[in-house]
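For reference, the structure is listed below as structure tokens.
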Amino acid sequence: MKRFIKEMLFIVVGCFVTASGLVMFTIPNHIAPGGSSGLATSLAEFIPISVGILTWIVNVPILLGSWKILGKNVTIKTLIASTVLSGFMELMDPVFPKFTENPLMASVLGGILIGIGIGILFLKGFSMGGTDLLSIMIGKYLPNTSVGYILMVCDAAVVVIAAIVFKDLEVFLYSIITVAVASKAINVFMDGMNYARVIFIITDKGLEIANKLNAINKNGCTLMPGTGTYSGEGKDVLMAVVHPNTTAETLAAAREIDPTLFAFIASAAEVHGKGFKYYNANGNNTKVIPQ
Numbered sequence: 001m002k003r004f005i006k007e008m009l010f011i012v013v014g015c016f017v018t019a020s021g022l023v024m025f026t027i028p029n030h031i032a033p034g035g036s037s038g039l040a041t042s043l044a045e046f047i048p049i050s051v052g053i054l055t056w057i058v059n060v061p062i063l064l065g066s067w068k069i070l071g072k073n074v075t076i077k078t079l080i081a082s083t084v085l086s087g088f089m090e091l092m093d094p095v096f097p098k099f100t101e102n103p104l105m106a107s108v109l110g111g112i113l114i115g116i117g118i119g120i121l122f123l124k125g126f127s128m129g130g131t132d133l134l135s136i137m138i139g140k141y142l143p144n145t146s147v148g149y150i151l152m153v154c155d156a157a158v159v160v161i162a163a164i165v166f167k168d169l170e171v172f173l174y175s176i177i178t179v180a181v182a183s184k185a186i187n188v189f190m191d192g193m194n195y196a197r198v199i200f201i202i203t204d205k206g207l208e209i210a211n212k213l214n215a216i217n218k219n220g221c222t223l224m225p226g227t228g229t230y231s232g233e234g235k236d237v238l239m240a241v242v243h244p245n246t247t248a249e250t251l252a253a254a255r256e257i258d259p260t261l262f263a264f265i266a267s268a269a270e271v272h273g274k275g276f277k278y279y280n281a282n283g284n285n286t287k288v289i290p291q
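Below is the structure:
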């Protein structure tokens, strides 16, 4: 039950942030940010239905295909997320103001919010449907083509449709900016949630330092033998993967044991394993599970 509540919280927050970007920035400026919401923005020019409801309608055939290709679990979670997103769009549209009439600002700020919202859902392996889900389904039949490439083609098609519908080349350009910014925001957000540092320590007291660090860093560390090429003497090399907020504490503890140690720190954009996250691969569908 706790897991279900946590998953629903991720869906609600992710959909709220995404809907904010759509309602306040992209939709009022006729910017199509790819996906089902981008296609719905174009269709709303001809169909007297709100973009929120059209977004849900566009997802229906994709969800039907998902049920057959990807299974009911993926489809049900996506149905919940897409319904929550459309619901937020409907509720927010008459309340939230159009934030800016500057299309460049709208494309950038809208892309940031949309990317963060999608990133929140991706952290739990969820999708709002649209081209994300469609690209995964197509990837099942094109195993030699990356899902990322298929997604790019699908979103590009949505952007082209918007440019044709609104008969405005600038719509195409601003939509491309939104898609690019959203993609970057997704990567930055997800990397930031799992960002870590790798500390390498070269010392003569490797085992003593390792025991000290084990009391601080619950993930432990790795002890390896090494040889100094200048002195020819044997050395211990410790490698510890830590969260950024424990870096200083880890180094201070190591220096208590060996004040003369040599250490350097590297950044790790993604860390997989105990204390960080795991990937559960299901065909071309990659699920992220934070630990």
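In the numbering used here, the protein residues as written are 1 to 291.
Note that beta-carbon positions come from the ideal geometry of N, C-alpha and C, so glycine has one too.
Express the C-alpha separation of Met24 and Ser50 in angstroms, rounding to a whole number.
Roughly 15 angstroms between the two C-alpha positions.
In whole angstroms, give me the CA-to-CA distance for Thr26 and Ile114.
Whole-angstrom Cα-Cα distance: 10 angstroms.
Apart from the five residues just before and just after Phe189, which ones in its own chain have a Cβ nearer than 6 angstroms to its Cβ?
Closer than 6 angstroms at the Cβ level, and outside the excluded window around Phe189, lie Ile116, Gly119.
Check the C-beta distance from Ile216 over to Ala253 and give it rounded, since I have them as a contact under 8 angstroms.
6 angstroms between Cβ atoms; contact.
Could one say the Cβ of Gly35 lies closer than 8 angstroms to chain C's Cβ atoms, at least one of them?
Within the model displayed, chain C is absent; a lone protein chain is all it includes.
In whole angstroms, give me the CA-to-CA distance for Ala196 and Asp204.
Going from the Cα of Ala196 to the Cα of Asp204 covers about 26 angstroms.
Give the secondary structure of Gly127 by DSSP, where H, G and I count as helix, E and B as strand, and everything else as coil.
Before going on, a small fix: residue 127 reads as Ser here, not Gly. Ser127: coil per DSSP, three-state reduction.
From the DSSP output, which residues share a beta bridge with Pro225?
DSSP lists Asp236 as partners of Pro225.
By the DSSP assignment, the alpha helix (DSSP H) with Ile209 in it spans what residues?
Counting along the chain, the alpha helix (DSSP H) containing Ile209 begins and ends at 206 to 214.
Report, in whole angstroms, the separation of the C-beta atoms of Ile150 and Pro103, which I expect to be a contact under 8 angstroms.
Their Cβ separation, rounded to whole angstroms, is 28 angstroms, which puts Ile150 and Pro103 out of contact at 8 angstroms.
So is Ala266 buried or exposed if we call it buried at 16+ other beta carbons inside 10 Å?
Its Cβ having fewer than 16 others within 10 Å, Ala266 is exposed.
Between the region 158 to 175 and the region 37 to 51, do at least 3 Cβ pairs fall closer than 8 angstroms?
Yes, the region 158 to 175 touches the region 37 to 51.
Going by DSSP, what residues sit across from Phe200 in a beta bridge?
Paired residues: Met239, Phe264.
Whole angstroms is fine: what's the gap from Lys235's alpha carbon to Ile186's?
Going by the C-alpha atoms only, they are around 41 angstroms apart.
Terminal residues of the continuous alpha helix (DSSP H) containing Ile62?
Where Ile62 is concerned, the enclosing alpha helix (DSSP H) stretches over 51 to 69.
Grouping DSSP H, G and I as helix and E and B as strand, with all else coil, what is Gly34?
Gly34: coil per DSSP, three-state reduction.
Can you give me the start and stop residues for the alpha helix (DSSP H) that Met8 sits inside?
Here the alpha helix (DSSP H) through Met8 covers 2 to 21.
Can you list, in chain order, the residues of its chain whose CB lies under 7 angstroms from that of Val17, leaving out five sequence neighbours each side?
So the list reads Leu113, Ile116, Gly117, Ile120, once near-sequence residues are dropped.
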